[in-house]
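Enquirer: In the working numbering, the protein residues as written are 2 to 553.
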Amino acid sequence: MQARGVILGKETHDKGTNMILGPAMDIMRNPKAGRAWESWGPEPYLAGEGAYETIVGIQSTGTMACAKHFILNNQEHFRMNSNSHVDDKAMHEIYFYPFLKAIEANVASVMCSYNDVNGTDACANSAILGDNGLLRKNGFKGFVVSDWFATYANASTHANAGLDMEMPGGLVFGTNLTAAVRGGDVTEATLNNMVRRVLAPYYLLDQDHGYPSLSHRNDTVRSAAHTATVREIAAASSVLLKNSRSKKDTRGLPLSLGSIKSLAVIGEDANYVGQDCGNINTCPTGTFDIGFGSGSNNQDFVVPPIAALKDRVGASKIVSSLTNDTAAASTAAKKKDACLVFVNTQSGEALGMTEIGQTCTSGMVVKLSSTLSLVSAATPSSSCIQLPFSIDEDESAYGTSIVTVGPYPDVDYTEGVFLDYRYMMAHGITPHYAFGFGLSYTTFDYSNLKIKSKGDSVSVSFSVKNSGGVDGTDIPQLYLGFPSGAGEPERVLRGFEEVPLRAGKSSNVEITLTQQDLSVWDVVSQKWVKPKGKFTVYIGKSVLDIQLKGSF
2 MQARGVILGK ETHDKGTNMI LGPAMDIMRN PKAGRAWESW GPEPYLAGEG AYETIVGIQS
62 TGTMACAKHF ILNNQEHFRM NSNSHVDDKA MHEIYFYPFL KAIEANVASV MCSYNDVNGT
122 DACANSAILG DNGLLRKNGF KGFVVSDWFA TYANASTHAN AGLDMEMPGG LVFGTNLTAA
182 VRGGDVTEAT LNNMVRRVLA PYYLLDQDHG YPSLSHRNDT VRSAAHTATV REIAAASSVL
242 LKNSRSKKDT RGLPLSLGSI KSLAVIGEDA NYVGQDCGNI NTCPTGTFDI GFGSGSNNQD
302 FVVPPIAALK DRVGASKIVS SLTNDTAAAS TAAKKKDACL VFVNTQSGEA LGMTEIGQTC
362 TSGMVVKLSS TLSLVSAATP SSSCIQLPFS IDEDESAYGT SIVTVGPYPD VDYTEGVFLD
422 YRYMMAHGIT PHYAFGFGLS YTTFDYSNLK IKSKGDSVSV SFSVKNSGGV DGTDIPQLYL
482 GFPSGAGEPE RVLRGFEEVP LRAGKSSNVE ITLTQQDLSV WDVVSQKWVK PKGKFTVYIG
542 KSVLDIQLKG SF
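Right, dumping it as C-alpha cells:
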C-alpha cells in the first residue's frame, strides 16, 4: 500500500501538482455504495491501515495528500442533500478511525463532504472542523478544503466553523471573505490561522524549493519501475472464491495451457470497447477495469481479456461471445475444454449499484456451470488476496440500506458499530463468502500461538507453514474479542500480515496489539479506554475460519 502511495505521489509531484485529492477512506456502510471501490471496505481497521500507508507513501515524495470525505459520506444517492445521523461511539470507532490514522500519518489536508453531519453541513460544522472539533482535538495540523461546490452557507459561517479553503474557489470566499473580515464577522486571527494551516504543509513538504512547474503530460512522469510495481499489484489482487480443482476433478484453476485445445471466452466484460469514456471513465459497456468518478480517468493502456488470451493461448483455439446474450454464450461454450466467463457490475461517484447479487450475465453463469469451469479472472500465480468485505446476495444480511427517497433524506446509522461481518455474526447470518476469505493454489497451516504482554501492548506470535505443493503467499488475520460488557462485536479485525512461503517452508509471524487496538470509545468520559476483563485472540483465514484461539 505504501509503495502504491509512493508512485501516486511521485507522478503527481513530477507533473508539478502540489496535492493529490486522496486517499478516499469512506467506510463501505452498504455494498451498494457507489464510491466503495475507491476505499477499503467496511472495516475501519483495514481502512485506517490503508490510509496511513498510502499517505506516508504519497507525502514521502513531497506531494500533499488529502484525506476524504470528512465525514459520514457513505452513500452517493442524494449525497449533496442527505443528513447523516450517527451515535458518538460509532462515529469514533467506525467512521472517524481511518481519519485518526491519517492524522497519525501527518496528512496535509482533509476534505469535508457534501452531506450534513447530525444536522449541520459538514463544511460548516464546527463540531467536526472547529478548534475544539473532532479533527483538531485529535491533533490535525493541516488545512480543511471543501469538496467541489460543498459550501452552502456564507463566508463567515464556513470560516468560523473551521473551513480553510473553498474549492473550486470564488463562490463563497474570495471577496466575500474579505468583506466578512472587514465587517468583523470573521476575526483577523481566524483568517491568519486559515492561512497558516494552508501554508504549513507547503513548507513542511519543502514545496517552496525547486518544485516542478505544472505540466499536464503523463508521458513525462511514467517509468518502467512504476509500471512493474503496478503490474505486480494488479496480478496479486484477484480473489479466488471457488475452485473445483482436485485430484479427482481436473476442472478449475490453474489452467494448463498445454492441455487446452479449445477455449470459450464469454461476456461483454471480456472486451474493452473504447478509449473515449471521458475523464471520469463512464463507459457503460465492456471491460470494467476501474470504478467511475473523479477518482478515475480515461484509461489509455487497458489490455482486454480477449486480446490477452488470444496472445497467450492462440486466436485459433478461441471461440468468443462478447455480449451478455445467454443463447450465444451456450453455443460458444459447447464442447470446449474450458470456458472463461467475464462479468461485472458497475458503480461510481454519484451513482451506487441498484442490485446486490445480480448481474446481467447471472443467467449465463447458471446455464454453463454444470459442465464448465467458470472464472472472471485467471492468473498463473497463487492468489493471496482476501475479501475486504462479506458477500451475500441478500441486502438485508448487511443490516444497512441506501436511502433512495429524497430530496432531503435522513440517513440513520441505527446499526451503530455493527457493520458487515459484525452485523452478520451478531444476527447469526452466514454469508456466501465471509470477510477475509480467499482461496489459494496451495494450503497453509497455523500453529504455536503465543500471547505475551509488553507494557501497554500485547505481542501475538504464531507459525505459518505452506503445507501444499506450490509456492504461495498467505495473509493470516488477527481478530480480537473484547471483554463482555464493552459493547463490541463478537470479534473485530486488529491485524494481518502478508507471508510469502515456498512449498514446505514455515515462518513465524508476530503482530503487536497497541493500546489503541485494545481500546474502545467511552461516550461518558469522552476518551479511549481499555475495558477490564478477558480479551480473546483469534487467528484465522477469514473472520469465520478461525485456526487458533487464545486469551489474555
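By construction, the Cβ of each residue, glycine as well, lies at the ideal position given by its N, Cα and C atoms.
Which class does G10 belong to by DSSP, given the choice of helix, strand or coil?
Expert: The residue labelled residue 10 in the question sits at position 9 within the sequence shown. Three-state result, G10: helix.
Enquirer: Any idea what DSSP makes of L375, helix, strand or coil?
Expert: Residue mapping note: residue 375 aligns to position 374 of the sequence shown, counting from 1. In this prediction, L375 scores a pLDDT of 49, lower than 50, which makes its location untrustworthy; no coordinate-derived value is stated.
Enquirer: Among the candidates V111, S147, P477 and H217, whose CA atom is the shortest distance from the CA of L545?
Expert: On the sequence shown, position 544 is the one that residue 545 refers to. It is P477.
Enquirer: Let me check understanding here. Comparing Cα to Cα, which of H14, P43 and G10 lies closest to D421?
Expert: Sequence index remark: in the sequence shown, residue 421 carries index 420 (1-based). D421 has its Cα closest to that of P43, out of H14, P43 and G10.
Enquirer: For N262, collect the residues of the same chain with a Cβ closer than 6 Å to its Cβ; drop the 5 residues on either side in sequence, then sort them by chain order.
Expert: As a position in the sequence shown, residue 262 is number 261, starting the count at 1. It should be noted that the sequence gives Lys, not Asn, for residue 262. Here the set comprises D338.
Enquirer: Per the DSSP calculation, D413 is bridged to which residue(s)?
Expert: For the purposes of this step, residue 413 is taken as residue 412 along the sequence shown, with counting starting at 1. Answer is H86.
Enquirer: Please report the distance separating the alpha-carbon of G429 from that of S520.
Expert: Here residue 429 is taken as the residue at index 428 of the sequence shown, counted from 1. Here residue 520 is taken as the residue at index 519 of the sequence shown, counted from 1. Approximately 26 Å between the Cα atoms of the pair.
Enquirer: What are the complete beta strand (DSSP E) segments, minimum 3 residues, inside the stretch 389 to 437?
Expert: List check, beta strand (DSSP E) in window: 411 to 413.
Enquirer: What number of angstroms, rounded off, separates the C-alpha of I59 from the C-alpha of V118?
Expert: On the sequence shown, position 58 is the one that residue 59 refers to. On the sequence shown, position 117 is the one that residue 118 refers to. Distance between the alpha carbons of I59 and V118 is about 29 Å.
Enquirer: Quick check: what's the CA-CA separation for L373 versus V342?
Expert: Here residue 373 refers to the residue found at position 372 of the sequence shown. Here residue 342 refers to the residue found at position 341 of the sequence shown. Bear in mind that the predicted position of L373 carries a pLDDT of just 47, short of 50, making it too unreliable to give a figure here.
Enquirer: Please state if the CB of V320 and the CB of A265 are separated by a distance shorter than 7 Å.
Expert: As a working note, residue 265 is residue 264 in the sequence shown. As a working note, residue 320 is residue 319 in the sequence shown. Yes, the Cβ-Cβ distance between A265 and V320 is below 7 Å.
Enquirer: Which same chain residues, not among the five before or five after N244, have their C-beta less than 6 Å away from its C-beta?
Expert: Along the sequence shown, one-based indexing puts residue 244 at 243. Closer than 6 Å at the Cβ level, and outside the excluded window around N244, lie G253, L254 and L440.
Enquirer: Look at the Cβ atom of S507, then the Cβ atom of S464, and state whether they are nearer than 7 Å.
Expert: In the sequence shown, counting from the first residue as 1, residue 507 sits at position 506. In the sequence shown, counting from the first residue as 1, residue 464 sits at position 463. Taking 7 Å as the Cβ cut-off, S507 and S464 qualify as a contacting pair.
Enquirer: Return the CA-CA distance between A204 and V500, expressed in angstroms with no decimal places.
Expert: On the sequence shown, residue 204 is found 203 positions in, with the first residue counted as 1. On the sequence shown, residue 500 is found 499 positions in, with the first residue counted as 1. As written in the sequence, residue 204 is Tyr, which differs from the Ala given in the question. Going by the C-alpha atoms only, they are around 39 Å apart.
Enquirer: Classify Y409: buried if its beta carbon has 16 or more other beta carbons within 10 angstroms, exposed otherwise.
Expert: By one-based count along the sequence shown, residue 409 stands at place 408. Exposed, by the Cβ-count rule.
Enquirer: Helix, strand or coil: how does DSSP classify G16 here?
Expert: Within the sequence shown, the letter at position 15 stands for residue 16. The sequence given here places Lys at residue 16; Gly does not occur at that position. Coil at K16, not helix or strand.
Enquirer: Can the beta-carbon of T444 be found less than 7 Å from the beta-carbon of S468?
Expert: Position 443 of the sequence shown holds residue 444. Position 467 of the sequence shown holds residue 468. Yes, Cβ-Cβ distance for T444 and S468 is below 7 Å.
Enquirer: Starting from K466, follow its DSSP beta bridges and name the residues at the other end.
Expert: For the purposes of this step, residue 466 is identified with residue 465 of the sequence shown, where counting begins at 1. In DSSP, K466 forms a bridge with D446 and S507.
Enquirer: Under three-state DSSP, which class holds I319?
Expert: What you label residue 319 is simply residue 318 of the sequence shown in a count that begins at 1. If DSSP states are grouped into helix, strand and coil, I319 belongs with the strands.
Enquirer: Pairs of beta-carbons, one from the stretch 197 to 212 and one from the stretch 397 to 409, closer than 8 Å: are there three or more?
Expert: No, they do not touch.
Enquirer: Ends of the alpha helix (DSSP H) at D270?
Expert: Working through the sequence shown from its first residue, we reach residue 270 at position 269. D270 -> no alpha helix (DSSP H), and no H or E assigned at all.
Enquirer: Taking 7 Å as the cut-off, decide whether the C-beta atoms of M112 and E54 are in contact.
Expert: Walking along the sequence shown from the start, residue 112 turns up at place 111. Walking along the sequence shown from the start, residue 54 turns up at place 53. No.
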